[in-house]
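Residue numbers (this note's numbering), protein chains in the order written: chain A, 1 to 108; chain B, 1001 to 1112.
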């Protein structure tokens, strides 16, 4: 089976940088994805890492270390609209398993 | 416009009644999924389907049933056997099993 751990809550200041960590245990691993979900809304896909290293998409970057079963999402130049829940998710053979989510609060 | 639709957005039912949640996609995706999300929780997989006329149980399938008669449609029935059905239900699809998923807007079900 799969299990993922990420912090439940993070608070950061507008304009700052925040890192959301994710560790996983898995019996089958193809890659690590990140999703964003605003309150009351649907999750939306942010990024995917299949190989070790950093992937950058605008203000968001995602990192993976397969040997450490660890990844993180890095959000730069935080904006108020970035306040949301962020889920890491392991892509397995037939399905994706989601973590319990990190609620990010951006404060002025 | 391609996407996933779920209806209705809010649904209210009395305890003991079965209820069916709709999910339709026009993305030509093979795989479809149903998740349940409770307040402050992650997404838990109920059922998934890799292809038409095929589906598998997820982590919390008890009290739910699905069908996949058409590629575009994957309805979920919440039966009276589901002990705690009040939740936010999300449908998703992907090009194939295990790839990144596109989510519908969700249905918030309240059973009293």
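Think of the CB as a built atom: it goes at the ideal place given N, C-alpha and C, for glycine as much as any other residue. On a predicted model such as this, the values are computed, not experimentally measured, just so you know.
Review point. Thinking C-beta only, is residue 34 (chain A) closer than 8 Å to residue 3 (chain A)?
Key: no
Compute the Euclidean distance between the alpha carbons of residue 1081 (chain B) and residue 59 (chain A), then round it to the nearest angstrom.
46 Å
Residue 1054 (chain B) versus chain A: which residues are under 7 Å apart at the beta carbon? Chain A residues near residue 1054 (chain B): none, gap ~11 Å exceeds 7 Å.
From the DSSP output, which residues share a beta bridge with residue 66 (chain A)?
-> None; residue 66 (chain A) has no bridge partner.
Checking 8 Å against the spacing of the C-beta atoms, do residue 6 (chain A) and residue 92 (chain A) come in under that value?
For residue 6 (chain A) and residue 92 (chain A), no; Cβs fall outside 8 Å.
Worksheet entry | Segment contact flag, the stretch 1082-1096 of chain B with the stretch 1032-1045 of chain B, C-beta cutoff 8 Å, min 3 pairs | yes
Check whether chain B comes within 8 Å of residue 15 (chain A), counting only Cβ atoms and requiring the distance to be less than that.
With respect to chain B, the C-beta atom of residue 15 (chain A) has no partner C-beta closer than 8 Å.
Which listed residue (A:15, A:68, A:8) has its alpha carbon closest to that of residue 81 (chain A)
A:15
| Interfacial residues, the stretch 32-59 of chain A to chain B, with Cβ spacing under 9 Å | 33, 35, 37, 40, 41, 42, 43, 44, 45, 48
- request: Please confirm if residue 1047 (chain B) has its CB atom under 8 Å from at least one CB of chain A.
  value: Closer than 8 Å to the CB of residue 1047 (chain B) there is not a single CB belonging to chain A.
inquiry  = Let me see if you follow: with CB-CB separation under 8 Å, is residue 1038 (chain B) close to chain A or not?
reply    = no
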